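Enquirer:
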Amino acid sequence: MLKIINNIKKKKIPLDDYINTCLYKYKSSYYEKKKIFGPRGDFITSPYISSIFGEIIAVYITNYFLEKKLYSFSILEIGAGEGVMARDIINTINTINKFKNINFSYFILEKSENLKKKQKKNLSKLKVNWIKSLDDLECKNLFIVSNELLDAFPIKHLKKIKNDWYEKYVYYDNKKNKIISEYAKLKNKNQKIFKLVSKNNDFIEFSPLVIEFLNQIIKVLKKNKNNCFLTFDYGYQGNNFKNTLQGLKNHKKVSIFEDPGNVDITYLINFNLIKKIFNNKSNFNNIIMSQSEFLTRAGIIERLRQATNILTSEKDKLKLEMSVDRLIHPKKMGSLFKCLIVTNAN
Ligand SMILES: C[S@@+](CC[C@H](N)C(=O)[O-])C[C@H]1O[C@@H](n2cnc3c(N)ncnc32)[C@H](O)[C@@H]1O
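FYI, the numbering used here numbers position 90 of the sequence shown as 92, with every residue one higher than the one before it.
1) Expressed to the nearest angstrom, what Euclidean distance is found between the alpha-carbon atoms of residue 82 and residue 8?
2) Report yes or no: do three or more beta-carbon pairs, one from the stretch 26 to 42 and one from the stretch 59 to 72, lie closer than 8 Å?
3) Rounded to whole angstroms, how far is the Cβ of residue 18 from the Cβ of residue 157, which I believe are closer than 8 Å?
4) Would you list, in sequence order, the uninterrupted beta strand (DSSP E) runs of no fewer than 3 residues that lie entirely inside the stretch 170 to 242?
5) Label residue 296 either buried or exposed according to how many other C-beta atoms from any shown protein chain fall within 10 Å of its C-beta, with 16 as the threshold for buried.
6) Taking 7 Å as the cut-off, does the CB of residue 2 come closer than this to any heavy atom belonging to ligand 1?
7) What residue range is occupied by the uninterrupted alpha helix (DSSP H) comprising residue 311?
8) Starting from residue 246 and walking both ways along the alpha helix (DSSP H), at which residues does that stretch end?
9) Am I right that residue 280 and residue 330 are in contact with their C-beta atoms under 8 Å? What's the rounded C-beta distance?
10) Would you check whether ligand 1 has a heavy atom nearer than 7 Å to the C-beta of residue 112?
11) Hey, residue 2 and residue 236 are a contact pair by Cβ (cut 8 Å); roughly how many whole angstroms apart?
12) Three Cβ pairs or more, each shorter than 8 Å: is that satisfied between the stretch 155 to 175 and the stretch 202 to 219?
13) Looking at residue 6 and residue 172, is the spacing between their C-beta atoms short of 8 Å?
14) I'd like to know whether the C-beta atoms of residue 78 and residue 109 end up nearer to each other than 8 Å.
15) Using the C-alpha atoms, what's the distance from residue 345 back to residue 195?
16) May I have the straight-line CA-CA distance separating residue 303 from residue 80, to the nearest angstrom?
17) I'd like the list of long-range same chain contacts for residue 143, defined as Cβ closer than 6 Å, with 5 residues on each side in sequence excluded.
18) On the criterion of 16 or more Cβ atoms from any shown chain inside 10 Å, does residue 55 qualify as buried, or is it exposed?
19) Out of 38, 27, 29, 16, which one is the CA nearest neighbour of residue 249?
20) Curious, which full-length alpha helix (DSSP H) runs of at least 4 residues does the stretch 106 to 165 contain?
21) Rounded to whole angstroms, what is the Cα-Cα separation between residue 138 and residue 311?
22) On the three-state DSSP scale, how would you describe residue 281?
23) What are the boundary residues of the alpha helix (DSSP H) that residue 61 is part of?
24) For residue 257, which of helix, strand or coil comes out of DSSP?
25) Would you say the beta carbon of residue 41 is closer than 7 Å to some non-hydrogen atom of ligand 1?
26) In the DSSP assignment, the alpha helix (DSSP H) including residue 326 goes from what residue to what residue?
27) In the structure shown, what three-state DSSP assignment does residue 25 receive?
28) Report yes if the C-beta distance between residue 131 and residue 85 is below 8 Å; otherwise report no.
29) Is it a yes or a no for the stretch 316 to 323 touching the stretch 262 to 270, going by three-plus beta-carbon pairs under 8 Å?
30) In whole angstroms, what separates the C-alpha of residue 161 from that of residue 202?
31) Provide the residue(s) that pair with residue 79 in DSSP beta bridges, ordered along the chain.
32) Tell me the DSSP secondary structure of residue 95 in three-state form.
33) With residue 345 as the anchor, note down where its beta strand (DSSP E) starts and where it stops.
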């Protein structure tokens, strides 16, 4: 925490630099040290709610390739947290493998060294390969999957005042003894983001790193017609941007300036922007749908029925039903959470 504060005592830094410092840069940064996930952490993600989430994704991936009569493929998970979804996907495909002869490899690309260590420990009994960059992969019959990845990228806030664009900076006010933010005139007006948004926008919340990252994904997708990208995240669709930046601690919203390094900093994805990044570049099919629609179409209700039939305890049945309800109910995670599926249309 001291290191993070010292960093902003020296000079004002852009909001995305501040978020990167809080989440990743130091050993004292959020993702590098804390028990983040699950009921005892700061937030809970879909794979922790029920293993059915990963199972359904595994079935979707397998069907995607089997429909193309491809029995050999690779899966790359990006931003795998503690490896819970990886475990569920691999175990499910191994079970499917008892009936079909599938040959698959599982790769993980993870930014946090701390989480990579946890993944290696939690997945030690399964066959997983960790890669350092997307360039390390042979990009043939590759399915890229992620859950709550893009919301963990650092973002910028830009605001138009009269005809000039301003960017949010963060610094430590020694007199007030607290972290403050303020807008300053934008230095680089030729940012890629302006090519992607309407001229009517006067506020933009976006991550330059997401744009860069998705351009890398585009390159990978272009390499082979069977490659696919599936990502889940919370967000909205609209041409206007909302200010959705928030801190999360112990499952409660807090200020992003409170207790830096011990608070998750996150935001809602504007899926229209993500769609535009793909449309801008090449010939891709990209579909956005709610998490509820994806999971229902992919068979979560049938899977729930099968799973509850096997259970004998009423308490366990109810627990499972409630967790699936949490994943798909529109007032819970079903509607706010969305998924984007991108395939190569060439
Ligand atoms: C909010 S957590 C989600 C973890 C997990 N997918 C889940 O659903 O529980 C975000 C994850 O993405 C990782 N991450 C963030 N930026 C990344 C990047 N540029 N490349 C790879 N992993 C990244 C984080 O370290 C963390 O593992």
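Just so you know, even glycine gets a beta-carbon here, dropped at the ideal spot from N, CA and C. For clarity, every value in this text was computed on a predicted model and none was experimentally measured.
Expert: Let me spell this out:
1) 30 Å
2) no
3) 6 Å
4) 180 to 187, 205 to 208, 230 to 238
5) Residue 296 sits buried, since 16 or more C-beta atoms from the chains shown fall within 10 Å of its C-beta.
6) Residue 2 falls outside the range modelled here, since the chain spans only 3 to 348, and no answer is possible.
7) 302 to 312
8) From DSSP, residue 246 is part of no alpha helix (DSSP H); its letter is neither H nor E.
9) That belief does not hold up - the Cβ atoms of residue 280 and residue 330 are roughly 26 Å apart, past 8 Å.
10) yes
11) The question about residue 2 has no answer, for the chain in this structure spans 3 to 348.
12) yes
13) No, the Cβ-Cβ distance between residue 172 and residue 6 is not below 8 Å.
14) In this structure, residue 78 lies near residue 109, with their beta-carbon atoms less than 8 Å apart.
15) Their Cα atoms are separated by approximately 23 Å.
16) 27 Å
17) 72, 75, 228
18) buried
19) 38
20) Qualifying alpha helix (DSSP H) stretches, in chain order: 115 to 124.
21) 43 Å
22) Residue 281 falls in the helix class under three-state DSSP.
23) 53 to 68
24) Coil.
25) no
26) Run containing residue 326: 316 to 330, per the alpha helix (DSSP H) assignment.
27) In this structure, residue 25 counts as helix in the three-state DSSP scheme.
28) no
29) no
30) 12 Å
31) 110, 147
32) helix
33) Counting along the chain, the unbroken beta strand (DSSP E) around residue 345 starts and ends at 339 to 346.
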